[in-house]
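Below: the structure, in C-alpha cells.
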Amino acid sequence: MELTQTNGKLSKRTKWSYSLGGIGRDMTYQLVATFFLTYVQYAVGLTPAQFSVIGIILIIGRVWDAVNDPIMGAIIENTKSRWGKFKPWILIGAILTAVVIVFMFNLRPMGNNGWNYVIFFAVIYFLWEIAFTMNDISYWSMLPSLTTDEKERNSVTTLAVVFAGVGAFAANAGINFLTVGNAIKGYSMISIVIAVFLIGCQVLTVFGVKQTVQATGELPDASRQEEKVTFKKILQ
Numbered sequence: 110m111e112l113t114q115t116n117g118k119l120s121k122r123t124k125w126s127y128s129l130g131g132i133g134r135d136m137t138y139q140l141v142a143t144f145f146l147t148y149v150q151y152a153v154g155l156t157p158a159q160f161s162v163i164g165i166i167l168i169i170g171r172v173w174d175a176v177n178d179p180i181m182g183a184i185i186e187n188t189k190s191r192w193g194k195f196k197p198w199i200l201i202g203a204i205l206t207a208v209v210i211v212f213m214f215n216l217r218p219m220g221n222n223g224w225n226y227v228i229f230f231a232v233i234y235f236l237w238e239i240a241f242t243m244n245d246i247s248y249w250s251m252l253p254s255l256t257t258d259e260k261e262r263n264s265v266t267t268l269a270v271v272f273a274g275v276g277a278f279a280a281n282a283g284i285n286f287l288t289v290g291n292a293i294k295g296y297s298m299i300s301i302v303i304a305v306f307l308i309g310c311q312v313l314t315v316f317g318v319k320q321t322v323q324a325t326g327e328l329p330d331a332s333r334q335e336e337k338v339t340f341k342k343i344l345q
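All you need for this note's numbering is the position in the sequence shown, starting with 1, plus 109.
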C-alpha cells in the first residue's frame, strides 16, 4: 500500500499522548542504568571476581546493543498489523520491560549464591536490553508518522524530551526517598511503581496517538536511522 499523508497541526490529544509516554520510559531507563548495580551491591554479597564478570557482561551488553538496534528496526519495518508497525511493538515492549524490571529488583537465586546470581544477572540484563530496545526504537520511530509538518514535529519532540526529563528526575527522587532505611525493600517497591507507570504511559501513547502519516511499506528515512534516544543520551 502507498504512503498517505495528511498535512496540518497535530491534535492536542496526539501531541500530549505521545509526549507523556516519555515519562514512564525514562523512569525505567534511569532505574536500571543508574541504580541496578547499586541494588546488586546491597542485595547480593559478591566477590571481586564475580563483580569483574558482571563488568564483562555489561561490556558485552553494549556490543549487543549495537547489534540489537538494527535488528529491531528491521523487524518493525516489516511489521504489518491493523495498528500499524509501531504501536504493537511499543505496547509489547512496555509490558515485557515492566515484567523484567520487577524481576530485576525482586528475584534472586535461591541461597543468594554469588555465581548463581552472576548467571541470573547475565540473563536478566540481556532480556532488559531486548525488551527496552523493542519499546524504545518503535516509540521514536513513530515520530515521523505523526505529521509531515516539521514545526509540529519539532514541537512534539521537544515536549517528549521535557517529559523524559521529568521521568528521569521523578525516578531519582523516588528511589532516593524509598531506599532510605531498608534499601532492598525500597528498590523492590520502586520497581513495581515504575513498572506500572511505564505501562500506563505507553498505553496512553498507543491508544491516544493518531498517526496522520501512515506507512505500510518502508519506514521514512528519519525512522530508519533512528537511534535509541533517552533523556540521558540527549544531554551527552
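From the three backbone atoms N, C-alpha and C, an ideal C-beta is built for every residue, glycine too.
Quiz item: Where Glu80 and Leu119 are concerned, what is the direct C-alpha to C-alpha distance, given to the nearest angstrom?
Solution: Residue 80 lies beyond the residue range present for the chain, which begins at 110 and ends at 345; the question has no answer from this structure.
Quick one: residues in its chain with C-beta nearer than 7 Å to the C-beta of Phe145, no 5 flanking neighbours on either side, listed in chain order?
If the five residues before and after Phe145 are omitted, its C-beta is found closer than 7 Å to the C-beta atoms of Met213, all from its own chain and listed in chain order.
- [ ] State the CB to CB distance for the pair Met136 and Leu307, rounded to an integer number of angstroms; the pair is presumed to be in contact (CB under 8 Å).
- [x] Correct: roughly 7 Å between the Cβ atoms.
Can you tell me which of the three DSSP states Ala324 falls into? Confidence is the limiting factor: at Ala324 the pLDDT is only 43, short of 50, which leaves the residue's position unreliable, though a coordinate-based value still follows. In this structure, Ala324 counts as coil in the three-state DSSP scheme.
- Message: Runs of 4 residues minimum, wholly inside the stretch 123-211: which ones carry the alpha helix (DSSP H) assignment?
- Response: Taking only runs of at least 4 residues, the alpha helix (DSSP H) segments lying wholly in the stretch 123-211 are 157-186.
Nearest candidate by alpha-carbon position, reference Val176, set Gly193, Gln150 and Met243 | Taking Val176 as reference, the option from Gly193, Gln150 and Met243 with the minimal CA-CA separation is Met243.
| task | Look at the alpha carbon of Thr257 and the alpha carbon of Gln320, and state the distance between them as a whole number of angstroms. | result | Each residue's CA atom was taken as its position, placing Thr257 and Gln320 some 10 Å apart.
Under a three-way DSSP split, which group does Val289 fall into? Three-state DSSP puts Val289 in coil, outside helix and strand.
**Prompt:** With distances taken from CA atoms, which of Gly131, Tyr151, Thr143 and Ile132 is nearest Asn291?
**Reply:** It is Tyr151.
- [ ] Please report how far the alpha carbon of Glu259 lies from the alpha carbon of Lys124, in whole angstroms.
- [x] If you take the alpha carbons of Glu259 and Lys124, they lie about 14 Å apart.
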